[in-house]
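Engineer: Submitted below is the structure of interest, expressed as structure tokens.
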Amino acid sequence: MAGAFHGRTVVVTGGTGALGAAVLDKLLDEGAICHVPTSHAASPKGFAFARHGRVTLSANVELGDPTSVEAFYATIPDLWASIHCAGGFAMSPLGQPGSDASDDIFAGMMDANARTAFLCCRAAARAMLASGTAGRIVNVTARPGLDPRRGAGMSAYTASKAAVAAITVTLAEELKGDGILVNAVAPSTLDTPANRKAMSKADFSKWVSLEAAAEAITHLASPENATISGALVPLYGRA
Ligand SMILES: NC(=O)c1ccc[n+]([C@@H]2O[C@H](COP(=O)([O-])OP(=O)(O)OC[C@H]3O[C@@H](n4cnc5c(N)ncnc54)[C@H](OP(=O)(O)O)[C@@H]3O)[C@@H](O)[C@H]2O)c1
């Protein structure tokens, strides 16, 4: 099969989620060999690629745990690109009496977004440096992570995604001499089934389609991207 990723090995964290699935779809079309970690003990219900010949699903991988992350990356031969879609979201209004912006929400957002991205970036960079591969790393931050004014009521999420943006740019600088390109996309609202359910009265046409987001991510992860590094790419749709 021809394709920009023909025969190249790519990790997609969060590949069992909405955006990750769209990224996998695109990568498989382009000939990639994909590895997907999941925190579950078995293939999550609805994971469409469980039987695909070029997808390996690794169960019981906790991406917030350094030992688990290192063990997972140690199983991946010839890593070309590592795409980090794993993450989470929670509201955390601070100023309202009775608000549920607990310390636990802050810790949970930092773990789900910043810590998972940090640990996966570290493991991927180490694997690429060890093999001498001038590979690609792509993180997923979010619009409030670049523009905190858009993060009112979600300071924990916003701070965690700002950390993802900072990790992306610092790592790009650190690895530029090694030819490893590190970037992130920053979506506003993605057009996912979960968002449609949670915001049923919203104008979905203003949201970013999963296919468009996947297209941007796979371009940054592909060998066709020869120069872009340290970019935080806004994917804001019509919002
Ligand atoms: N949806 C939006 O509107 C939106 C907007 C801006 C940015 N983003 C970002 O885009 C990314 C994907 O969003 P999405 O809507 O596709 O999310 P999603 O459907 O909820 O999927 C998130 C995935 O992350 C994985 N994950 C989370 N924490 C993990 C952990 N500790 N260990 C292992 N896996 C973990 C989960 O995998 P398992 O359950 O299999 O373990 C899950 O499949 C996230 O980083 C999100 O913050 C989303």
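Each residue of the sequence shown is one higher than the one before, counting from 433 in the working numbering. C-beta: ideal position from N, C-alpha, C; glycine also.
#1: Mapping DSSP to helix, strand and coil, what is residue 493?
#2: Compute every distance between the C-beta of residue 494 and the non-hydrogen atoms of ligand 1, then say whether any falls below 6 Å.
#3: How many Å lie between residue 572 and residue 445 at the Cα?
#4: Please find out if some non-hydrogen atom of ligand 1 comes closer than 6 Å to the beta-carbon of residue 615.
#5: If you check the beta carbons only, do residue 654 and residue 614 fall under 7 Å apart?
#6: Would DSSP call residue 657 helix, strand or coil?
#7: Does ligand 1 have even one heavy atom less than 6 Å from the beta-carbon of residue 552?
#8: For the putative contact between residue 559 and residue 495, defined by C-beta atoms under 8 Å, what is the C-beta separation to the nearest angstrom?
#9: Run the proximity test for residue 390: is its beta-carbon closer than 6 Å to any non-hydrogen atom belonging to ligand 1?
#10: Given 6 Å as the limit, tell me if residue 517 has its C-beta closer than that to any heavy atom belonging to ligand 1.
#11: Grab the span of the beta strand (DSSP E) containing residue 483 for me, first residue to last.
#12: What are the boundary residues of the beta strand (DSSP E) that includes residue 566?
Structural biologist: Reading it off the structure:
#1: Here residue 493 sits in coil by DSSP.
#2: yes
#3: 10 Å
#4: no
#5: no
#6: coil
#7: no
#8: 15 Å between Cβ atoms; not a contact.
#9: Since the displayed the chain opens at 433 and closes at 671, residue 390 lies outside it and no answer follows.
#10: yes
#11: Neither: residue 483 is in no beta strand (DSSP E) and is coded neither H nor E.
#12: Taken as a continuous stretch (DSSP letters only), residue 566 belongs to no beta strand (DSSP E), as it is neither H nor E.
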